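The next block holds one structure in the form of structure tokens; read it before the comments.
In my numbering, the protein residues as written are 5 to 210.
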């Protein structure tokens with residue numbers, strides 16, 4: 005997807021795909037123009053940009069008769085999102101490996117959720133894949149929330165090796181009864197009801 009940012013080299017990607025004999029489709033969009041038109045330059049564009057890109061992907065999936073949309077999020081993306089949503093949005097969620105879209109037509113898959121970013125980088129180097137910057141003005145901005153979380157996790161991992169693995173495991177080990185979401189808490193009637201083993205014991209008395 006060419007988002008329309010000045011300097012984006014979609015031609016390099018196209019040459020690589022052609023050389024490999026791959027079927028491909030490069031979609032030209034006006035996402036960059038839309039963001040410049042609708043948002044103040046001082047605002048963070050990432051959220052709007054993501055929504056616009058997602059809309060393009062769903063539209064293309066329908067046009068190309070695809071029922072799966074594969075995204076390239078890796079393990080670092082997952083745990084960074086987990087912390088970002090907790091710290092800045094007050095939510096406990098991340099990005100699942102399989103997600104049925106709200107339109108009930110498309111399924112989003114993330115095949116690399118257990119692959120760490122550094123492994124992706126190393127593999128790309130060994131395979132000599134062309135690396136093309138998206139040319140988004142926010143790319144590399146260390147003041148962004150995700151970049152701050154990334155730096156925070158790096159410091160934690162250096163001091164306590166294995167923390168990132170533990171966070172990733174946590175997304176597969178949710179203990180709902182020990183959280184505070186009222187949807188999963190017992191009602192007052194249930195909380196005041198005697199424990200099941202006590203009721204069984206009472207019923208067994210002669």
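C-beta: ideal position from N, C-alpha, C; glycine also.
Every value quoted in this text rests on a predicted model; they were computed, and no experiment measured them.
- Taken atom to atom, the span from the alpha-carbon of residue 83 to that of residue 168 is near 7 angstroms.
- Here residue 81 carries a helix assignment [DSSP, helix/strand/coil].
- Beta-bridge partners assigned by DSSP to residue 44: none are found.
- If you draw a 10 Å sphere on the C-beta of residue 108, you find fewer than 16 other C-beta atoms in it, and that means exposed.
- For residue 49, the CB contacts under 8 angstroms within the same chain, skipping 5 residues up- and downstream, are 39, 43, 140, 141, 142 in chain order.
- Under the DSSP assignment, residue 60 falls in the alpha helix (DSSP H) whose first and last residues are 50-67.
- Closest option to residue 16, judged by alpha-carbon separation, among 135, 190, 147: 135.
- Cβ neighbours of residue 118 within its own chain (closer than 7 angstroms, five residues either side excluded): 79.
- Between the stretch 6-15 and the stretch 31-38 there are three or more inter-stretch CB-CB distances shorter than 8 angstroms, so the stretches are counted as touching.
- The stretch 19-26 and the stretch 160-179 do not touch, with fewer than 3 CB-CB distances between them shorter than 8 angstroms.
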